[in-house]
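Undergrad:
Dropping the structure here:
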């Protein structure tokens, strides 16, 4: 069993305000792009260092340069731009909705620089992308594609290019963050068509559909071309029901056992209950542990404590002293 993280890590802490100050200075014209890039790199190194020091087995780059889950793609793809602010599902955070002005195109290099940099900082680094269904359903305006299906599959093709770029850069695994699937399980057939396109990139994929329960669709997800399935077991009162359906999935399960949207730090008993329940349905060699989603929703000090609780629970399960 391994531990991992999903999505974005907090960009600042009480002690570290470097990136916030740099962004304000950049907005005022007091800091050029190259100097801002240096601060971004330093912040990525800080985040990766903290994740690694916490004992996480499979880290990511913390998505430090991402303003939100869709931002790198809405701003980096041809014929796309960032549009109006909108609340991100039922969170107290906002994102800019994509605007599609023409055929979506990607050179596949959007994420390569940051992944390559982070991969030199810690071993076992994985990458991540926004899911095609999430990009398509959260688009504010589409002046080109006539249907949600067309837009989703076009996003999948662009994301497949990003996956090929990440594979060439050495990514052994890529998380696909897809809250839209959990929010709209009725779109699972469209999601399957999109994942068939992503899979052609040839890099192992982890599907993370979070925020809402997915117990009713796990049997269908078992046929998806994915190496891992992320299961949010805490966001809703019924979220843990998904654990009881895991017998249908034969790949690796990444069980979200610490709530990345709640400042209350889980007790060892809470975590042990979820772990014991999962072990009854998934063999040890197919079970990883993680937060439910990105830790960016939490104050930095709480995020650090959550990671500590996660690692301690995993070590206790393996019989290793915390």
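Residue numbers (this note's numbering): 1 to 322. Quick reminder that beta carbons are idealized off the backbone N, C-alpha and C, glycines included. Values in this document were obtained by computation on a predicted structure and should not be read as measured data.
1. Unbroken alpha helix (DSSP H) runs of length 4 or more, entirely within the region 22-99: which are they?
2. May I have a chain-ordered list of the alpha helix (DSSP H) segments no shorter than 4 residues that lie completely inside the region 110-163?
3. Should residue 70 and residue 135 be called a contact, given that it needs their Cβ atoms to be closer than 8 Å?
4. How big is the Cα-Cα spacing for residue 157 and residue 120?
5. Which full runs of the beta strand (DSSP E) of 3+ residues lie inside the region 248-320, going along the chain?
6. Assign residue 4 to one of three DSSP states: helix, strand, or coil.
7. So residue 222 is in the beta strand (DSSP E); what residue range does that whole segment cover?
8. Quick one: give me the first and last residue of the alpha helix (DSSP H) that residue 181 is part of.
9. Roughly how many whole angstroms lie between the Cα atoms of residue 233 and residue 32?
10. When the Cα atoms are used, what is the spatial distance from residue 1 to residue 296?
11. Alpha carbon to alpha carbon, what distance is there between residue 155 and residue 104?
12. Distance, Cα to Cα, residue 219 vs residue 112?
13. In chain order, what residues of the same chain lie with their CB nearer than 6 Å to the CB of residue 275, ignoring the 5 residues before and after it?
14. List the DSSP bridge partners of residue 231.
15. Is the region 33-41 close to the region 288-295, with three or more CB pairs under 8 Å?
16. To the nearest angstrom, how far is it from the Cα of residue 346 to the Cα of residue 277?
17. Residues in its own chain within less than 6 Å of residue 212 by CB, not counting five upstream and five downstream?
18. DSSP three-state call for residue 14: helix, strand or coil?
19. Looking only at its own chain, which residues have a Cβ that is under 6 Å from the Cβ of residue 266, when we skip the five neighbours before and after it?
20. Would you decide whether residue 322 is buried or exposed? Buried here means 16 or more other CB atoms lie within 10 Å of its CB.
21. DSSP puts residue 176 in a beta bridge; with which residues?
22. For residue 174 and residue 128, what's the separation of their Cα atoms in angstroms?
23. Can the beta-carbon of residue 72 be found closer than 8 Å to that of residue 66?
24. Using alpha carbons as the reference points, say which of 54, 260, 253 lies closest to residue 284.
25. Please determine, among 210, 27, 40, the residue with the shortest C-alpha to C-alpha distance to residue 90.
26. Do residue 101 and residue 144 count as a contact pair if the criterion is CB distance below 8 Å?
27. Label residue 24 either buried or exposed according to how many other C-beta atoms from any shown protein chain fall within 10 Å of its C-beta, with 16 as the threshold for buried.
28. Less than 8 Å separating the beta-carbons of residue 149 and residue 99?
29. Is the beta carbon of residue 94 closer than 8 Å to that of residue 64?
TA: Quick answer:
1. 33-53, 71-76
2. 112-119, 132-137
3. Translated into positions along the chain shown, residue 70 becomes position 70. Translated into positions along the chain shown, residue 135 becomes position 135. In contact: residue 70 and residue 135 (Cβ atoms closer than 8 Å).
4. As a first step, residue 157 must be located in the chain shown, where it is residue number 157. As a first step, residue 120 must be located in the chain shown, where it is residue number 120. Going by the C-alpha atoms only, they are around 28 Å apart.
5. 252-258, 287-291
6. Here residue 4 corresponds to residue number 4 of the chain shown, with the count starting at 1. Residue state, collapsed to three classes: strand.
7. Position 222 of the chain shown holds residue 222. Unbroken run through residue 222: none, as it is neither H nor E.
8. Here residue 181 is taken as the residue at index 181 of the chain shown, counted from 1. Looking at the DSSP string, the run of the alpha helix (DSSP H) that includes residue 181 is 179-183.
9. For this step, residue 233 is matched to residue 233 along the chain shown. For this step, residue 32 is matched to residue 32 along the chain shown. So the alpha carbons of these two residues sit roughly 43 Å apart.
10. Start at 1 with the first residue of the chain shown, and residue 1 comes out as number 1. Start at 1 with the first residue of the chain shown, and residue 296 comes out as number 296. Each residue's alpha carbon lies about 24 Å from the other.
11. As a working note, residue 104 is residue 104 in the chain shown. As a working note, residue 155 is residue 155 in the chain shown. Whole-angstrom Cα-Cα distance: 7 Å.
12. Translated into the one-based positions of the chain shown, residue 219 becomes position 219. Translated into the one-based positions of the chain shown, residue 112 becomes position 112. Residue 219 and residue 112: Cα-Cα distance of roughly 34 Å.
13. As a first step, residue 275 must be located in the chain shown, where it is residue number 275. 317, listed in sequence order.
14. Here residue 231 is taken as the residue at index 231 of the chain shown, counted from 1. In DSSP, residue 231 forms a bridge with 209, 255.
15. no
16. Outside the shown range of the chain, which is 1 to 322, sits residue 346, and nothing can be said about it.
17. The residue labelled residue 212 in the question sits at position 212 within the chain shown. Hits under 6 Å: 182, 183.
18. What you label residue 14 is simply residue 14 of the chain shown in a count that begins at 1. Coil, per DSSP.
19. To locate residue 266, count along the chain shown from 1; it is residue 266. Contacts found: 258, 309.
20. Here residue 322 refers to the residue found at position 322 when the chain shown is read from its first residue. At residue 322 the pLDDT is 42, less than 50, meaning the model places this residue with poor confidence and gives no usable figure here.
21. Residue 176 sits at position 176 when you count from the first residue of the chain shown. DSSP output for residue 176 lists 129, 207 as bridge partner(s).
22. Here residue 174 is taken as the residue at index 174 of the chain shown, counted from 1. Here residue 128 is taken as the residue at index 128 of the chain shown, counted from 1. Each residue's alpha carbon lies about 5 Å from the other.
23. To locate residue 72, count along the chain shown from 1; it is residue 72. To locate residue 66, count along the chain shown from 1; it is residue 66. Closer than 8 Å, so yes.
24. Taking the chain shown and counting its residues from 1, the one referred to as residue 284 is at position 284. Nearest C-alpha to residue 284: 253.
25. Translated into the one-based positions of the chain shown, residue 90 becomes position 90. Residue 210 is the option with its Cα nearest to residue 90.
26. Reading the chain shown from its first residue, position 144 is the one you call residue 144. Reading the chain shown from its first residue, position 101 is the one you call residue 101. Their beta carbons are under 8 Å apart, which means residue 144 touches residue 101 by this criterion.
27. For the purposes of this step, residue 24 is taken as the residue at position 24 of the chain shown. Exposed is the call here.
28. The residue given as residue 149 occupies position 149 in the chain shown. The residue given as residue 99 occupies position 99 in the chain shown. No, they are not a contact pair.
29. On the chain shown, residue 64 is found 64 positions in, with the first residue counted as 1. On the chain shown, residue 94 is found 94 positions in, with the first residue counted as 1. No, the Cβ-Cβ distance between residue 64 and residue 94 is not below 8 Å.
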